[in-house]
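Working notes for the structure below.
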Amino acid sequence: MSSHPKKNKLSSTLRRFTRAAAIGALFGAAAAHADIKVGIDLSSTGPAAAIGITSKNAMLMWPKTIAGRPAQYIVLDDGSDPGAAVRNIRKLINEDHVDVVVGPNITPAALAALDPVAESQTPMITLIGSASVVEPQEGKKIWAFKMAQTDSAMADVMTRYMSNHNVKTVGFIGFADSYGDSWLNEFTKFAALRHIQVIATERFNRTDASVTGQILKLMAAKPDAVLIAGAGTPTVLPQRTLVERGYKGAIYQTHGIATPEFIKLGGKDVEGTLFPTQPVVVARTLPADHPAKKAALAFVDAYEKQYGPNTVTQFAGDAAGVYPRLQDAVARALKTAQPGTPEFRAALRTELEHAHELVVPNGVVNTSAKDHVGLDQRASVMGVIKGGKFTYLSQ
Numbered sequence: 001m002s003s004h005p006k007k008n009k010l011s012s013t014l015r016r017f018t019r020a021a022a023i024g025a026l027f028g029a030a031a032a033h034a035d036i037k038v039g040i041d042l043s044s045t046g047p048a049a050a051i052g053i054t055s056k057n058a059m060l061m062w063p064k065t066i067a068g069r070p071a072q073y074i075v076l077d078d079g080s081d082p083g084a085a086v087r088n089i090r091k092l093i094n095e096d097h098v099d100v101v102v103g104p105n106i107t108p109a110a111l112a113a114l115d116p117v118a119e120s121q122t123p124m125i126t127l128i129g130s131a132s133v134v135e136p137q138e139g140k141k142i143w144a145f146k147m148a149q150t151d152s153a154m155a156d157v158m159t160r161y162m163s164n165h166n167v168k169t170v171g172f173i174g175f176a177d178s179y180g181d182s183w184l185n186e187f188t189k190f191a192a193l194r195h196i197q198v199i200a201t202e203r204f205n206r207t208d209a210s211v212t213g214q215i216l217k218l219m220a221a222k223p224d225a226v227l228i229a230g231a232g233t234p235t236v237l238p239q240r241t242l243v244e245r246g247y248k249g250a251i252y253q254t255h256g257i258a259t260p261e262f263i264k265l266g267g268k269d270v271e272g273t274l275f276p277t278q279p280v281v282v283a284r285t286l287p288a289d290h291p292a293k294k295a296a297l298a299f300v301d302a303y304e305k306q307y308g309p310n311t312v313t314q315f316a317g318d319a320a321g322v323y324p325r326l327q328d329a330v331a332r333a334l335k336t337a338q339p340g341t342p343e344f345r346a347a348l349r350t351e352l353e354h355a356h357e358l359v360v361p362n363g364v365v366n367t368s369a370k371d372h373v374g375l376d377q378r379a380s381v382m383g384v385i386k387g388g389k390f391t392y393l394s395q
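Residue numbers (UniProt numbering): 1 to 395.
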């Protein structure tokens, strides 16, 4: 019997085509149902650990799906080191191929992270207070978003309270880094608007063992109040030094203090501290008509059921708010592209700009191409430490 080379060759080609089509269909189906990968960088150790740990605790409560898709959460610790944060984020982007980065939670690290996220065109939702990572909305910063209320909004509510309580002069001591820089700039601006003078300025490092020299200089200026601009437990040191040296004026701190560790370490020395904050920290004492009270209380109840009474922090609230932000944006981005692709990352960035009246535990979010925070005055309140607890003071 004679063979038919052309027929055999055609059959072989058809088989290869069929196998290729089947493999392509398999990969296409996998892409259509790809997990959403969320890369998370936090300071779970080091000087900012009190912030990072509670953020991580809140994230461990996130659902296992986002907008109906399975979600992978990859969490790395940067040790409160900006260099380590950048290495973590490059790993998450280049090796884990994440769709979005969450964190860092300290300002120097977030600023340093702008390079890798912009280079890879991966959206980043940070947990820092300073607006410097998102303002102005141009260049690398178009890939960055922020959960926490800005230092500007917090300085606004703080100086308004100071003005209403006859504070005319303020001594300032802040971190000798971008957090302190941001707060000095914003506070000075709003203080001037309300005719409050900053009459002495000092700085300190997060790891300092003594700030006696700086505090003596502040006290020599005899300010009506002192503002300590720092975050986490390192801010106890200047306040304790003020108390030990006999300072009798009002002591203000920033929203960066709102952790149980601050109260535990500070003890009686931090009683009466005045500070701006977000709704979660004072959820149980918020006015009944506050628009975020229901969401704030629901989160606080769930968090404290998991981790114990009086354990919630503003940072945990910010971290909790990332999930509804992602849920909201991912649902729309999926209409454009699939996870694991540049197109999806671009679509997600765009949709993160389109939150509208989205209630999260720490406020109500309305973002735009020019505003990558989206929080208004509904996310800023004044609090006081009373009886060893963070308590609502005023809007």
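Idealized CB from N, CA, C, for every residue including glycine. If you're wondering where the values come from, they're calculated on a predicted model, not measured in any experiment.
Query                                                                                                               : Result
A148 vs E186 beta-carbon contact at 8 Å                                                                             : no
Contact under 8 Å by Cβ, S80 with P116                                                                              : no
Status (buried if at least 16 other CB within 10 Å, exposed otherwise) for D289                                     : exposed
Close beta carbons around A58, own chain, < 6 Å, minus the five adjacent residues each side                         : A316, A319 and A320
Other residues of its chain near H97: CB distance less than 8 Å, five sequence neighbours each side excluded        : K37 and G340
Status (buried if at least 16 other CB within 10 Å, exposed otherwise) for I23                                      : Reliability of the predicted coordinates at I23 is poor, the pLDDT of 44 falling under 50, and the value obtained from them is presented with this limitation in mind. The residue in question, I23, is exposed, as its Cβ has fewer than 16 Cβ neighbours within 10 Å.
Proximity of K140 and H372 at Cβ, strictly below 8 Å                                                                : no
T367, DSSP secondary structure in three states                                                                      : coil
Pairwise C-alpha distance: Q253 and G267                                                                            : 15 Å
Runs of alpha helix (DSSP H) lying entirely within the segment 196 to 246, each at least 4 residues, in chain order : 212 to 220 and 236 to 244
Reference L297; option with closest CA among F275, Y161, V359 and D269                                              : V359
CA-to-CA distance, N166 to G246, given in whole angstroms                                                           : 21 Å
Sheet register partners of Y392 (DSSP bridge)                                                                       : G383
Span of the alpha helix (DSSP H), counted from its first residue to its last, around T159                           : D151 to N164
Separation of M158 from T188, as counted between CA atoms                                                           : 12 Å
Own chain residues within Cβ distance below 8 Å of K386, not counting five before or after                          : E271 and G272
Spatial neighbours of N88 in its chain, beta-carbon cut-off 6 Å, leaving aside the 5 residues before and after      : D41, L76 and D78
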